[in-house]
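In terms of the numbering used here, the first sequence opens at residue 141 and continues consecutively.
Beta carbons: idealized from backbone N, C-alpha and C, even for Gly.
Fair warning: this is a prediction, and the values are worked out from it, not measured in the lab.
A quick write-up on the structure given underneath.
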Amino acid sequence: MSENAVKPRVRFAPSPTGYLHVGGARTALFNWLFARHTGGTFILRIEDTDFERSSEEMVEGILDGMSWLGLNWDEGPFYQSKRLDLYRATAEKLLASGHAYRCFCTKEELEQRRAEATAAGRQPMYDRRCRTLSEETAKQRVAAGEMSALRFAVPEQGTTFFDDAVFGRIEFANAELEDFVLLRSDGIPTYHLSVVADDVDMRLTHIIRGADHLSNTPKQVLQYRALGAELPVFAHVPLILGPDKTRLSKRHGATSVLAYKDLGIVPEAFRNFLSLLGWSPEGDNKNREIFSSQEVTSLFSLSGISKSNAVFGNEKLAWYNQEYIRNYSAEMLLPLVEQEWVKAGIWPERPREELLSTLDLLKARARNLTDFAIAFRAYFSDEYEIDPTAAAKFLKDTQVRALLVELASRYMNATEFTEQSAETILRAFAEEKQVKPGLLINGARVALTGQAVAPSLFTVMMALGHQRVVKRLTAAEQIAVPA
RNA sequence: GGCGCCAUGGUGUAAUUGGUUAACACGCCGCCCUCUCAAGGCGGAGAGUUCGGGUUCGAUCCCCGAUGGCGCUACCA
């Protein structure tokens, strides 16, 4: 970076008309990564100029989602609803310089003309009829109390282009661009005005946003020019699609990132997954999948962003999640798991050391954090369900259940209770009763954990402790087995 | 409809910016391990790079066209 190069300033500018969805989260992440990589500034701006659809709850949700993902911002959150003066001043400037004009057409008139144009096979663009109104006429009509919106006067000739950091040069014929509304008749700015006014005012150097804004960009470029402002670097990020390759929406299941939190996804795993959706590192790191946040930060660059839309695949996310859980230390896992216990109403009153070693035992086969409160509930609570399928598979035989009860008394009378001794006792007992050890082992697993799936039985016994093992095996005969 | 963008196995991405048996990961299948399930180890199927032209000694890569997908087309953002 040269001497006088300014530090990058980027922003994430969600609209609180919906949750923080996966696509928005990825955009936020890329902005954050870019800012952190370059030592720049990451700004959060809430675009709430659509009063009808914006809500305070949505803002909360977005903020929560950001913090869940660990995306901290340096400035803001700024609310556009509180910066209306800036937009009006900007609009005033555009009007004064002849780049904008008042439009007295009503919404109804416009709709009607649009319908007519479409019916006649013409393009439904605004016909610019107010553009030729003289300044005096406009002033008179305003003075007479007529409502008016402010429109940008798009040049009728020529082309407008910009060089996108991801897509390269994008060019539009000005004739294709409509004289878009800057200020609604109620004085509230539209998106087109407020983005530019803010992006200029906040001295943003790079605009990293979804590719759905690609077509809007020339309208913004025109405003930058009109305002005599320097153009930022635009970097449009391809969109994230659902498995059916249509735009991600509610019907694809989890749409809010917070829904993934509820599903027991580890934020770090989610971030890792998200960062590799539409971006890939350069150099020797191409074939890696697991990156720490620090690594992604140091590797991130706009040039690694791909151009094509990506499908959000749940399987890969599940793999990441499992991978992170498995590789976390029990100490790192514990606070995350505790949240799940709280949700499930479990308060394991056991020494921290025991909890940690049990987490170590279980983490290899957890897929979600919720597993620790649901599938693995028996390890942390004495109130647990017996999985009917598991019972049907391994405890159907009443003989087996009777044997487990008998085995319980062997354990009760045992002088020592170690992994080795527990195994020795069981195997000796099996031989004595002329049954396969596996029969007892699998049955005991279900009785002890309620599940057909668990770590090695004797390790599980140690995790549960002598007393619980005896108690649960003794109760084996009472377990209800579906037919 | 108009305009814009994109196009590598089912999915996410690679391929020294024209020279590879088109690579890696997820997923899938099989085997090993084994008290179950994960994990792990080993092996396998799956794309000739959407299609058609061109340029070139040679195209995943460059050009043109078609097709498909996505986006924009509001006094939404």
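- By DSSP's assignment, V321 forms a beta bridge with R291.
- Shown here for S448: same chain residues with a beta carbon closer than 7 Å to its own, the five before and five after excluded, namely P378 in chain order.
- For G308, the enclosing beta strand (DSSP E) stretches over residues 308 to 313.
- Measuring C-alpha to C-alpha distances from F292 to each of L579, Y331, E311 identifies Y331 as the nearest.
- Straight across, the Cα-Cα distance linking N314 with R268 is about 14 Å.
- For the pair V321 and M472, the Cα-to-Cα distance works out to about 52 Å.
- Cα atoms of D500 and F301: separation of roughly 57 Å, rounded to the nearest angstrom.
- A check of alpha carbon separations from A409 across Q462, L535, L203 identifies Q462 as the nearest.
- Here the C-alpha atom of G368 lies approximately 30 Å from the C-alpha atom of A283.
- In terms of Cβ geometry, A513 and I465 do not form a close pair [threshold 8 Å].
- Between R541 and I619, the CB-CB gap stays under 8 Å.
- In this structure, the beta-carbon distance from V575 to L543 falls below 8 Å.
- Taking 8 Å as the cut-off, the beta carbon of A531 is found no closer than this to the beta carbon of V610.
- Residue environment for W213: buried (at least 16 other C-beta atoms within 10 angstroms of its C-beta).
- When Cβ pairs closer than 8 Å are counted between the two stretches, the region 183 to 194 is seen not to touch the region 404 to 423, the count staying below three.
- Between the alpha carbons of F312 and P358 lies a gap of roughly 7 Å.
- Judged by DSSP secondary structure, V406 falls outside any beta strand (DSSP E); it is assigned neither H nor E.
- The count of Cβ pairs closer than 8 Å, one atom from the region 207 to 224 and one from the region 236 to 247, stays below three, leaving the stretches out of contact.
- In terms of CA proximity to Y519, L588 leads the group I202, L588, K147.
- Going by DSSP, D204 is part of no beta strand (DSSP E) but of the alpha helix (DSSP H) stretching over 196 to 208.
- Taking each of Y468, S415, Y460 in turn and checking the Cα distance to A450, the smallest one comes out for S415.
- Taking each of D204, R253, H177 in turn and checking the Cα distance to K401, the smallest one comes out for D204.
- For L371, same chain residues with a beta-carbon under 7 Å away, outside a window of 5 residues either side, are F302, V361, Y364 in chain order.
- Nearest Cα to E296 within the set S274, D319, R309: D319.
- In the three-state DSSP reduction, G382 falls in the coil class, being neither helix nor strand.
- In its chain, beyond the 5 residues on either side, Y159, L160, G201, D204, G205, W208 have a beta carbon closer than 8 Å to the beta carbon of L398.
- Inter-residue distance for S237 and T230 is about 11 Å (C-alpha atoms, whole angstroms).
- Leaving aside the five residues that flank Y460 on each side, the residues in its chain whose CB is nearer than 7 Å to its CB run, in chain order, A409, N412, F413.
- P383 is positioned such that its CB atom lies closer than 8 Å to that of H392.
- If you look at E463, you'll find it in the alpha helix (DSSP H) that goes 454 to 467.
- When only Cα atoms are considered, A470 and L476 end up about 10 Å apart.
- Cβ neighbours of S443 within its own chain (closer than 8 Å, five residues either side excluded): A305, E422.
- Secondary structure in the region 505 to 548: the alpha helix (DSSP H) runs of 4 residues or longer, each lying completely within the stretch, are 528 to 534 in chain order.
- DSSP places I183 in the uninterrupted beta strand (DSSP E) bounded by 181 to 186.
- For D304, DSSP records a beta bridge to G308.
- When only Cα atoms are considered, F452 and W419 end up about 13 Å apart.
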